[in-house]
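First comes the structure, then the notes that go with it.
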Amino acid sequence: MGNDTVPQAAPSICTRGLNLWYGDFQALRDVDLRIKPGIVTALIGPSGCGKTTLLRCFNRINERYGNVATTGEITILGKNIYDADVSLTQLRKTVGMVFQRPNPLPLSVYENVVFGVKSHTPRGQRRRRELDAMVETALRDVQLWDEVKDKLRKRATQLTLEQQQKLCIARLLPLKPQVMLMDEPCSALDAEGIERIELLIQELRKSYTILIVTHNMAQARRASDECVFMLLGRIVEHDNTLKVFLNPREKETETYVTGRYG
11 MGNDTVPQAA PSICTRGLNL WYGDFQALRD VDLRIKPGIV TALIGPSGCG KTTLLRCFNR
71 INERYGNVAT TGEITILGKN IYDADVSLTQ LRKTVGMVFQ RPNPLPLSVY ENVVFGVKSH
131 TPRGQRRRRE LDAMVETALR DVQLWDEVKD KLRKRATQLT LEQQQKLCIA RLLPLKPQVM
191 LMDEPCSALD AEGIERIELL IQELRKSYTI LIVTHNMAQA RRASDECVFM LLGRIVEHDN
251 TLKVFLNPRE KETETYVTGR YG
């Protein structure tokens, strides 16, 4: 029995030979990646290296921009997201996204939280009591309830930037995503706001697989369990975060994480 190995959990996200072009420009090159469930994985690398492009592949949001071509395979939770029977609506419920700048809808705090659920549920099946409970649960989960419980009818755009970003995360939760993509979610925040969002990410990792793009090396080191270093559309290194920062395998990784890149 002592020689038994513990089976590894299947990856939440897996890419094989992923390439992507914007017109004639190749932004991703032969990306092979396995993102483990239930951890925070950071995508790091210099501007233009393909981090955000890769992140946006996982809910196929790149396709909104037109003139985009991809080859290779992406499986999320065991399903190839390019299969003909994949619903983009369902995919984007399963794979939620938080953008660089908070983007609350120009509606009340309450309506922001229930917007997705209302969009996907026939009117007759929505009960006010259920929606109320959903709003409170989502806002508590992002540690925002106590601050806004008396402002639920206030326009979300009147909240602070930090509150708006937390609200944008809360807006995803009623849809029950399993993967959460975050594209520099702290870039518009001050130091205190960054700290609170990072604490929130640590709470959320208990329930979601989180993939975060960041230019902030200190944040990548603090907030992630694993790091993926990208350069010129390729993955150079993917390992435990501390190993990437303290004992990287590749010279390019060392040059970047020590601030000597370029």
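For the sequence shown, the numbering used here gives the first residue as 11, with consecutive numbering after it.
Every residue gets a Cβ at the ideal spot worked out from N, C-alpha and C, and that includes glycine.
Nearest neighbour of Glu157 by Cα position, chosen from Lys176, Lys128 and Lys253, turns out to be Lys176.
Ranked by how close their Cα comes to the Cα of Asn72, the residues Asn122, Leu30, Val127 and Asp40 have Leu30 in first place. When DSSP states are grouped into helix, strand and coil, His248 belongs to the strand group. The beta carbons of Thr167 and Ser22 sit no closer together than 8 Å. Counting every other CB atom within 10 Å of its CB across the protein chains shown gives Gly33 a total below 16, marking it as exposed. Take Ile179, set aside five residues on each side of it, and the residues of its chain with a beta-carbon closer than 6 Å to its own are Val108 and Val152, in chain order. Assignment of Glu236 by DSSP, reduced to helix, strand and coil, places it in the strand class.
Using a 10 angstroms sphere on the CB of Ser129, the tally of other CB atoms stays under 16, which defines it as exposed. Secondary structure in the segment 18–100: the beta strand (DSSP E) runs of 3 residues or longer, each lying completely within the stretch, are 23–32, 35–45, 50–54 and 78–86 in chain order. Thr131 carries a coil assignment under DSSP once its states are collapsed to helix, strand and coil.
Taken through DSSP and simplified to helix, strand or coil, Gly106 comes out as strand. Taken through DSSP and simplified to helix, strand or coil, Arg165 comes out as strand. Annotation: the continuous alpha helix (DSSP H) that includes Val267 extends over Lys261 to Val267.
Looking at the backbone, the Cα of Gly27 and that of Ala19 are separated by about 22 Å. Pairing Tyr75 with Phe68, the inter-Cα distance amounts to about 15 Å. With three or more CB-CB distances shorter than 8 Å, the segment 188–196 counts as touching the segment 208–219. Of all C-beta pairs linking the segment 53–62 to the segment 227–247, three or more are shorter than 8 Å, placing the two stretches in contact.
Inter-segment contact for the segment 181–190 and the segment 116–126 is present: three or more beta-carbon pairs are separated by less than 8 Å. Note on geometry: alpha-carbon atoms of Lys161 and Thr170 lie some 13 Å from one another. Fewer than three pairs of CB atoms, one per stretch, sit closer than 8 Å, so the segment 246–265 makes no contact with the segment 78–89. Less than 8 Å separates the beta-carbon of Val41 from that of Thr25. With a 10 Å radius around the Cβ and a threshold of 16 neighbouring Cβ atoms, Thr268 comes out exposed.
A straight-line Cα-Cα distance of about 13 Å links Leu221 and Gln229.
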